[in-house]
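Novice:
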Amino acid sequence: NPIFIECCRMGPYVNRNTDVGVVLDLMIHDIDIVMSIVKSNVVKISASGRSVFSRQEDIANAQLVFQNGCVANLTASRVTRKKIRRMEITQVDSFISIDYLEQELAVYKKTSSPLPQLLIEKPVMQKGEPLRLELEHFIHCVRNGEKPLVGLEEGKNALEVALRILEEIQKNQGGGNDKI
């Protein structure tokens, strides 16, 4: 049961997908993942974002508060020097760190010893190009009549949250979209 989740999906500006902002281009992936982990309704959204190079938001931060008390902080940017794709999940008895670029996972668990200590586990991950794996999974599901890991309902829910984040960004900018 996660109590706090931190997501960062950032990278340098490339003249690609500038007709859509980072919320719908990058952050939506983390929204979907977080919602599949938390399995609770979003009750509050706070968000801010700004345009730097394009007409859309090039950097955005959103905080999602869930009905079960979990808080998720999501940051997406296409104005950083270095590409970062990571997620960190804090639970009562453990901490999980995921690096999507390196395709590494580390689990830090509290031990039951009298002095606070952490046991570190680094499970072996199936590595591969994420988009290719996603498309192969989708084709497999279509051919075999199976339900995909991310179905229509999950996609719709993530999109609804992303659109609410965009509304918050617009509200917090006073309707403006001026560049920094």
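Oh and the sequence shown: position 15 is 15 in the UniProt record's numbering, straight run, nothing missing.
Here a beta-carbon is modelled for each residue, glycine too, at the ideal position from N, C-alpha and C.
Just so it is clear, the structure is predicted and the values come from calculations on it, not from any experiment.
Output the boundary residues of the beta strand (DSSP E) element that contains residue 94.
Specialist: Mapped onto the sequence shown, residue 94 falls at position 94. Element bounds for residue 94: 94-99.
Novice: Can you tell which of 162, 34, 60 has the C-alpha that lies nearest to the C-alpha of residue 66?
Specialist: Taking the sequence shown and counting its residues from 1, the one referred to as residue 66 is at position 66. Comparing Cα-Cα distances from residue 66 to each of 162, 34, 60, the minimum goes to 34.
Novice: Quick one: grab the DSSP three-state call for residue 177.
Specialist: Here the question's residue 177 lines up with position 177 in the sequence shown. Summary for residue 177: the model assigns pLDDT 48, below 50, so the residue's position carries little reliability; its value from the coordinates is reported in the next sentence. If DSSP states are grouped into helix, strand and coil, residue 177 belongs with coil.
Novice: Among 68, 74, 70, 45, which one has its Cα closest to the Cα of residue 59?
Specialist: Your numbering for residue 59 matches position 59 in the sequence shown. Here the closest residue by C-alpha is 74.
Novice: Please find out if some non-hydrogen atom of the ligand ATP comes closer than 7 Å to the beta-carbon of residue 131.
Specialist: Summarising the ligand content, the structure contains no ligands, and the ligand ATP is consequently not present.
Novice: According to DSSP, simplified to helix, strand and coil, what is residue 53?
Specialist: Working through the sequence shown from its first residue, we reach residue 53 at position 53. Looking at residue 53 - three-state DSSP - the assignment turns out to be coil, as it is neither helix nor strand.
Novice: By how many angstroms is the C-alpha of residue 105 removed from the C-alpha of residue 235?
Specialist: Only positions 1 to 180 of the chain appear in the structure, and residue 235 is not among them; the question remains open.
Novice: Return the CA-CA distance between residue 21 and residue 5, expressed in angstroms with no decimal places.
Specialist: Locating residue 21 in the sequence shown gives position 21, counting from the first residue. Locating residue 5 in the sequence shown gives position 5, counting from the first residue. Whole-angstrom Cα-Cα distance: 22 Å.
Novice: What are the boundary residues of the beta strand (DSSP E) that residue 149 is part of?
Specialist: Taking the sequence shown and counting its residues from 1, one reaches residue 149 at position 149. Residue 149 -> no beta strand (DSSP E), and no H or E assigned at all.
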